[in-house]
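Residue -1 is where the sequence shown starts when you use our numbering, and the numbers rise one by one after that. Using N, Cα and C, we set each Cβ at its ideal position, and we do this for glycine too.
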Amino acid sequence: MKRIARSILFVPGNRPDRFEKAMSSGAHLIAIDLEDAVSPRDKSQARAATAAWLAQGHVAAVRINAADTEWFNDDIKMMAEAPAAIVMLPKADLASLMETQEALSDHSLIALIETVKGYKELERVAEVPGLTRIAFGSIDFGTETGITDDANAMTSVRTQIIIESCFANLEPPIDGVSVAFQDADQIEQDAFRSRQLGFGGKLCIHPKQVSAVNKSFQPDSAQVDWAKRVVAAMESSDGGATTVDGKMVDKPVVIQAHRILADFEHSHERTL
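Below, the structure is given as structure tokens:
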């Protein structure tokens, strides 16, 4: 079963001194940020630093600038020289994602859905070739719509992202950031809610968030014990339906058990 990046840590592209620190943070994947974290005057410097670091053989996601910005074309040219890097497209909608895919057809893509237009085009966005995963930009989405990301106000939006990802056979989507980075309990609660909804990971904006996110997406001992007993029971039944803890066990339950065991096995490994 393929390993899924649960914690995705942003690091500013104009701070190459932090790239290695981000790599050692425990994050499953780092995302070098050329967009929000970098001021206009530092865009060229950030792009050059990112290109130099990727040229050394490092692998990461890179959040490029949006397709309607003056920096997009230069970002695309830089990414063309780093085919192993994952492209994260902000403000993604169908047109911008297709434009990016046509320019970087040999790259894996992550579509960051953070506008109403992108959300309304989700079904078609999910079908774009090369797209591996969808991420939710909850802060920008809330800014545009006026929806406050509290008390599950955006649950319906999140659910739609999960459903479209599943239908298109994409990797489980990535939930948006938690603005708190000092409150580990709050971060764990946010990440656990994401996991319950069906997200496969969460964006992080600070290294202090990584361990809490990883913990929330890691199966606990009770789940692992249950999964082991389910697999053992199914093997003993020669593939037929059986029971565990008084409940029926059939193929969908076994798939869930194998997923839990795979998550546990990979929970302390870095994906890239």
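- In the three-state DSSP reduction, Ala109 falls in the strand class (E or B).
- A residue is called buried once 16 or more other Cβ atoms fall within 10 Å of its Cβ, and Phe165, having fewer, is exposed.
- The alpha carbon of Ser42 has as its nearest neighbour, out of Ala29, Lys75, Ala53 and Ala20, the alpha carbon of Lys75.
- Contiguous beta strand (DSSP E) elements confined to the region 126 to 187 occur at 129 to 134, taking only those with 3 or more residues.
- Non-local beta-carbon contacts of Leu195 in its own chain, meaning distances under 8 Å to residues more than five positions away in sequence, involve Thr153, Arg156, Thr157, Ile160 and Asp173 in chain order.
- With a cut-off of 8 Å on Cβ pairs, the region 24 to 36 is not in contact with the region 224 to 238, counting fewer than three such pairs.
- With three or more CB-CB distances shorter than 8 Å, the region 208 to 226 counts as touching the region 175 to 186.
- The distance from the Cβ of Gly199 to that of Phe215 is about 7 Å, consistent with a contact at the 8 Å cut-off.
- Phe8 is bridged by DSSP to Ala29.
- Beta-bridge annotation (DSSP): Thr241 is paired with Met246.
- For Glu162, the closest C-alpha among the options Gly128, Ile145, Glu119 and Asp104 is that of Glu119.
- Judged by their CB atoms, Leu110 and Ala82 are not nearer to each other than the 7 Å cut-off.
- Counting the other CB atoms within 10 Å of its CB gives Asp66 a total below 16, which places it among the exposed residues.
- Closest in C-alpha terms to Arg1, from the list Glu79, Thr130 and Asn150, comes Thr130.
- Ile74 sits in a helix when the DSSP states are folded into three classes.
- Residue range Lys41 to Ala53 is occupied by the alpha helix (DSSP H) that includes Ala53.
- When the Cα atoms are used, Lys19 and Val177 turn out to be separated by approximately 21 Å.
- By the C-beta density criterion, Thr113 is buried, having at least 16 other C-beta atoms within 10 angstroms.
- Close CB contacts of Asp104 within its chain, under the 7 Å cut and outside five residues either way in sequence, are with Pro81 (chain order).
- With contacts defined as CB atoms closer than 7 Å, Trp51 and Phe17 qualify as a contacting pair.
- The alpha-carbon separation between Arg122 and Ser94 amounts to approximately 12 Å.
- Asn150 sits exposed, since fewer than 16 C-beta atoms from the chains shown fall within 10 Å of its C-beta.
- Per DSSP, Leu201 is not a residue of any alpha helix (DSSP H); the beta strand (DSSP E) it occupies stretches across Gly199 to Cys202.
- Under the three-state reduction of DSSP, Leu102 is assigned to coil, being neither helix nor strand.
- A Cβ-Cβ contact shorter than 7 Å links Arg227 with Val242.
- Ile253 and Val222 have their alpha carbons spaced roughly 13 Å apart.
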